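At position 325 of the sequence shown (counting the first as 1) the number is 332 in our numbering, and the numbers step up by one without a gap.
Note that beta-carbon positions come from the ideal geometry of N, C-alpha and C, so glycine has one too.
From a predicted model like this one, the values you see are computed outputs, not experimental measurements.
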Amino acid sequence: MVLDPGAQALARPQNSKQASMTKPLRKEAETKSSDRNGIRGHSSVSTPQPEAPLRTISQTSGALGCGLKVNRASAAAPSLVSNRQCSWMRRSESSFSVNSTGSNHSRARIRNATSLPHIARHIPQEPPPVKSPCLLVALRPMNVDKEKEVFFKSNYTYNPQFEYSEPLSTNIMSKYSEASDRFIEQAVRIMKSVVKMYGSYENFEVATGGAMLSKSKIWTCIRSYMRKEGCSGEVVVRLSDDLLSQAVMMVENCRPTLTINLAGARQHWLEGMLRHEIGTHYIRGVNNSHQPWHSAAGRKLYSLKPANPTEEGLASLNSVLYRKYPFLWRASLLYYTVFQASWMPFCQLFQDIAKFVEDPNTRWEYCVRAKRGQTDTALPGCFSKDQVYLDGVLMLLRYRKTIDFKMLVALGKVSFEDVEHLKKSAILQRTRIPHFMRDQGRYLEQLHHITAVNGLTDEELLKLIPK
């Protein structure tokens, strides 16, 4: 059984005799699963777990079929794979895949348990309802590769004309149509600091990211990190060569699935990416599933603010922890590119960001992200969601001395502003804390270091974000 063509199977016994032999062990496995894959308290340290063997089924030009095999105990854990519990995880908005133009979009959709495929009686006079695609699918231009070729042949003077497989939601496009310039000065200053120190972004990438990793090295790093967080076997992992960003975390077939971009898997950056996707998005999602506000109705009942920009701000900070020079380059460039896209056509935007990024392919990717959702990119306009990263980072740095970060993670997908009033209602017995946040004193020291390296001061942050 495979998640999708080219992905690794989650191995399950197919022989009926073998299946019958496992029945007496199932109850015991369910009991033990909470010890091996369950949620641990604040003070606990993850116990090393047996490595899950890797098995490659196939490798394609798109998603390279690889995954982490799940043992019977973890597969039985109801809090992680039960159909009733899978809806807690939503795609992290840290990335967007635009380079795949295949027609099989169904595997990129995010479904809850009630929308999983099922066999139903066919009624000819009542055609099945058309399901709306997830945001990822709806905003991916169908003709992105074709338009890229035309754009490059025009010597970067042509404004792409994008086509989409589904009508775009007016509400979504309206919500993310306005760009902010609130932190534009800080974004530009951070990028100029990087260029001044390294000469160019490309030099910065090589100097701080290290060498590109082979697939075997990537798998070794992934398995090591999963052991640190005590979640071996809980997340399906795939490698891809057509992802726009470094990684994307989503639910596919009711399984948490992490897809990693091979092109962005560098020696010193890979663990930061895993802290972003697993240590932040996944663990906060697991913790959220145990809280009384895990549903939309629960969030309304407790009057919760949106999880973003806290969610992506925290993930962005965690991705640069422990770097000697933890520049907030990506968050800054995304913020800047979106703002410029709001009043520039595509080809002008492409030329404008050349002062920060030399590589034409990288510039193309950033411009597509900023212009996604548009048909005629000659018109001014942007998709402003990517500004959430720097927005969230600066908010958290502004209040870093007063935030209880361990509690922020334990409460799940909540804003830092809601932490205090949710403490008394929280269920904390089974919560997890990522290994790098258990020592809150050391974690705070890292946040101070990030603040200083990026040329930020408490006085400036207080002025930018007054109480």
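Counting along the chain, S302 sits inside no beta strand (DSSP E), nor does DSSP assign it H or E at all. Residue pairing by DSSP puts M256 in a beta bridge opposite L265. Separation of Y163 and V375 (C-alpha to C-alpha, rounded to the nearest whole angstrom) is 13 Å. Under the three-state reduction of DSSP output, V426 falls in the helix class. Contact check between the segment 223 to 238 and the segment 181 to 189: fewer than three CB pairs, one atom from each, fall below 8 Å, which does not count as touching. A direct Cα-Cα distance of roughly 38 Å separates L435 from S181. Taking C-beta atoms under 8 Å as the contact rule, I472 and R405 qualify, at a distance of about 5 Å. Close CB contacts of L468 within its chain, under the 7 Å cut and outside five residues either way in sequence, are with L401, L404, R405 (chain order). In the pairwise beta carbon analysis, the segment 369 to 388 is classified as not touching the segment 278 to 297: fewer than three pairs are separated by under 8 Å. For K420, the CB contacts under 7 Å within the same chain, skipping 5 residues up- and downstream, are R291, G292, N295, A314, E318 in chain order. By the CB criterion at 9 Å, G399 and P333 fall outside the cutoff. Residue nearest to H442 within the set K331, L335, L281 is L281 (criterion: CA-CA distance).
Sequence-distant Cβ neighbours of F390 in its own chain, meaning closer than 6 Å and more than five residues away, are Y183, R379, G380. In this structure E259 is buried. Its beta-carbon is surrounded by 16 or more other beta-carbon atoms within 10 angstroms.
Nearest in C-alpha terms to I191, of all of I410, Q394, N325, is Q394. The C-alpha of E427 is placed about 25 Å away from the C-alpha of E284. Sequence-distant Cβ neighbours of H275 in its own chain, meaning closer than 8 Å and more than five residues away, are T215, G216, G217, R330. Minimum Cα-Cα distance from Y396 among the listed residues A322, A459, R449 corresponds to A322. Shortest Cα-Cα distance from V364 to any of T458, R437, G388, Y343 involves Y343. In this structure, the CA atom of S207 is about 12 Å from the CA atom of I360. The beta carbon of L146 sits closer than 6 Å to those of R379, G380, all from its chain and outside the five residues before and after it, given in chain order. If you draw a straight line from the Cα of K362 to the Cα of I197, it comes to about 13 Å.
For R407, there is no enclosing alpha helix (DSSP H), since its DSSP letter is neither H nor E. In the three-state reduction of the DSSP assignment, L418 falls in the coil class. For Q453, the closest alpha carbon among the candidates N325, S200, F353 is that of N325. Only residues of its own chain outside the window of five on either side were considered, and among them E185, A186, P387, G388, C389, S391 have a CB closer than 8 Å to the CB of S349, listed in chain order. In the three-state reduction of the DSSP assignment, P367 falls in the helix class. Residue pairing of V244 in beta bridges, as defined by DSSP: L265. Taking the CA atoms as reference points, V244 sits about 10 Å from V255. Straight through space, the alpha carbons of T458 and T287 are spaced by roughly 20 Å.
Per DSSP, the unbroken alpha helix (DSSP H) holding Y205 starts and ends at 191 to 205. In this structure, DSSP gives M180 a helical state, which the three-state scheme calls helix. A272 and V201 have their C-alpha atoms some 20 Å from each other. DSSP places D383 in the strand class (E or B) of the three-state scheme. Annotation: H288 is outside any alpha helix (DSSP H) and is labelled neither H nor E by DSSP. Membership of S339 in the alpha helix (DSSP H) is indicated by the continuous run 336 to 348.
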